[in-house]
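Heads up: the structure comes next, in structure tokens.
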Amino acid sequence: MVPPLGVVGVCAGQGQWEMALGAFVLFASNMVAMVLAGTLTSFAYGYAKEVAPDGAQVGALRRRRAYTAIAAGLVLVLMPLVASLG
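Position one of the sequence shown corresponds to residue 2 (the numbering used here), numbered consecutively onward.
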């Protein structure tokens, strides 16, 4: 995670904004991929269900917000990646 951010700093310092943006997109895609992989792994192992001490399920709204944030991050990262293909 540090090397892409280092490249962002070096390129920005030299005024090469396109290269800095590309390195930042790489950093962002790595971050979103790690969060998504962790979420899917936790979900696969059953850690997605929060249970209160009395046995009631809690946190449905928090899960929905987390999934929405992950989806938004994925879309934000995919937009420049798809744009660079064309």
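Built from N, CA and C at the ideal position, the CB exists for glycine as well.
None of these values were measured; they are calculated from a predicted model.
Inter-residue Cα distance where the pair is residue i and residue j
i   : j   : result
Y46 : A73 : 24 Å
P5  : V83 : 19 Å
G10 : I71 : 26 Å
L22 : A67 : 26 Å
W18 : M80 : 18 Å
L86 : L37 : 23 Å
V76 : T69 : 11 Å
L62 : T42 : 20 Å
G14 : F44 : 41 Å
Option nearest residue i by Cα separation, candidates the options
i   : options            : result
A34 : E19, G87, L86, V78 : V78
R65 : A29, V8, T40       : T40
A29 : A13, G16, V3, W18  : V3
8 Å Cβ shell around residue i - same chain, five flanking residues per side excluded
i   : result
A24 : P5, L6, V8, V9, C12
N31 : M2, P5
Spatial neighbours of residue i in its chain, beta-carbon cut-off 7 Å, leaving aside the 5 residues before and after
i   : result
L27 : P5
M20 : C12
Complete runs of the beta strand (DSSP E) confined to the stretch 56-85 [at least 3 residues]:
Note on the stretch 56-85: there is no whole beta strand (DSSP E) run with a minimum of 3 residues.
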